[in-house]
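*Asks:* Questions regarding the structure given below will be posed in turn.
Protein chains in written order, with this note's numbering: chain A, 1 to 10; chain B, 1 to 215.
Structural data, given as structure tokens:
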């Protein structure tokens, strides 16, 4: 998945 | 979003608010490590590079702005505010940033999910956050008197990461192929570093005595 999908946490 | 993560984010927000209240109301940063605050500003900067490019949710964006704004405000207060800076104990707060940042940067270059600038910066922010509390814990050992607000600040800061671990367990169990070893390992190390602080904080609370860390 692209960068932001796996980075949904703060 | 799950209750563990929401509680974790609110605990993290509370820790920042407690610290800002201490600095803003009694105009003192006694016992607070500027090194740790600067490391946290770097952590948020490197982790939230995508704040303008990737919109995830209003909550996510607002919280990122709050953490960035408050972490830089605290550093500004401790460095430049004419009253607050006087209570900063720079002779005791001598931990060298570079000893933490360099190994984290090297590790981020070696172990990451993808070798892109944003990804390496994001990974670096997790490794750095895991050890960012060290200057503060060293300062606590040195300055014998730990006032209540400082103790509460550090307790909340440690508790938020422990709650994130519950969030990661919950998401691992409920979401298919949700696996992120980098935040998990970093978060575990970070929480373990608070271990002895939590122990002495609990003792001081149980025996209703002032928080004292052994030298």
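The beta carbon of each residue, even a glycine, is placed where N, CA and C say it ideally should be.
(1) On the three-state DSSP scale, how would you describe residue 180 (chain B)?
(2) Figure out for me which residue from B:163, B:190, B:193 has the closest Cα to the Cα of residue 2 (chain B).
(3) Between the region 28 to 47 of chain B and the region 139 to 152 of chain B, are three or more C-beta pairs nearer than 8 Å?
(4) Thinking residue 137 (chain B) and residue 197 (chain B) are a contact (beta carbons under 8 Å), I'd like their distance in whole angstroms, please.
(5) Roughly how far, in whole angstroms, is the beta-carbon of residue 126 (chain B) from the beta-carbon of residue 105 (chain B), given that I think they are within contact range, below 8 Å?
(6) Looking at the structure shown, is residue 28 (chain B) part of a helix, part of a strand, or coil, going by DSSP?
(7) So the alpha helix (DSSP H) residue 159 (chain B) belongs to, where does it begin and stop?
(8) Does chain A have any CB closer than 8 Å to the CB of residue 3 (chain B)?
(9) Is the region 55 to 62 of chain B close to the region 73 to 82 of chain B, with three or more CB pairs under 8 Å?
(10) Under the assumption that residue 97 (chain B) contacts residue 35 (chain B) (Cβ atoms under 8 Å), give the Cβ distance between them as a whole number of angstroms.
(11) Closer than 9 Å, Cβ to Cβ, to anything on chain A: give me those residues from the region 118 to 149 of chain B, in chain order.
(12) Comparing alpha-carbon positions, which option in B:101, B:122, B:12 lies nearest residue 155 (chain B)?
(13) Could you tell me which chain A residues have their CB closer than 8 Å to the CB of residue 60 (chain B), listed as they occur along the chain?
(14) Going by the beta-carbon positions, is the gap between residue 200 (chain B) and residue 213 (chain B) smaller than 8 Å?
(15) Distance check for residue 114 (chain B) and residue 10 (chain B), CA to CA, integer angstroms please.
(16) For residue 7 (chain A), count the other beta carbons within 10 Å of its own beta carbon; 16 or more makes it buried, fewer makes it exposed. Which is it?
(17) What is the rounded straight-line gap between the Cα of residue 1 (chain A) and the Cα of residue 18 (chain B)?
(18) To the nearest angstrom, how far is the alpha carbon of residue 131 (chain B) from that of residue 43 (chain B)?
(19) Comparing alpha-carbon positions, which option in B:192, B:119, B:122, B:70 lies nearest residue 37 (chain B)?
(20) Starting from residue 63 (chain B), find everything on chain A with Cβ-Cβ shorter than 8 Å and list it in chain order.
*Replies:* For this structure:
(1) coil
(2) B:163
(3) yes
(4) 6 Å
(5) With a Cβ gap of about 12 Å, residue 126 (chain B) and residue 105 (chain B) do not count as contacting.
(6) coil
(7) Under the DSSP assignment, residue 159 (chain B) falls in the alpha helix (DSSP H) whose first and last residues are 148 to 174.
(8) Chain A, which has no Cβ nearer than 8 Å to the Cβ of residue 3 (chain B), makes this no.
(9) no
(10) 6 Å
(11) 118, 119, 122
(12) Ranking B:101, B:122, B:12 by Cα distance to residue 155 (chain B) puts B:12 first.
(13) 8, 10
(14) A contact, by the Cβ cut-off of 8 Å.
(15) 30 Å
(16) With 16 or more other Cβ atoms inside 10 Å of its own Cβ, residue 7 (chain A) counts as buried.
(17) With a pLDDT of only 45 at residue 1 (chain A), under 50, the local geometry of the prediction cannot be trusted, and no value is derived from it.
(18) If I take the Cα positions, the gap works out to 11 Å.
(19) B:70
(20) 10
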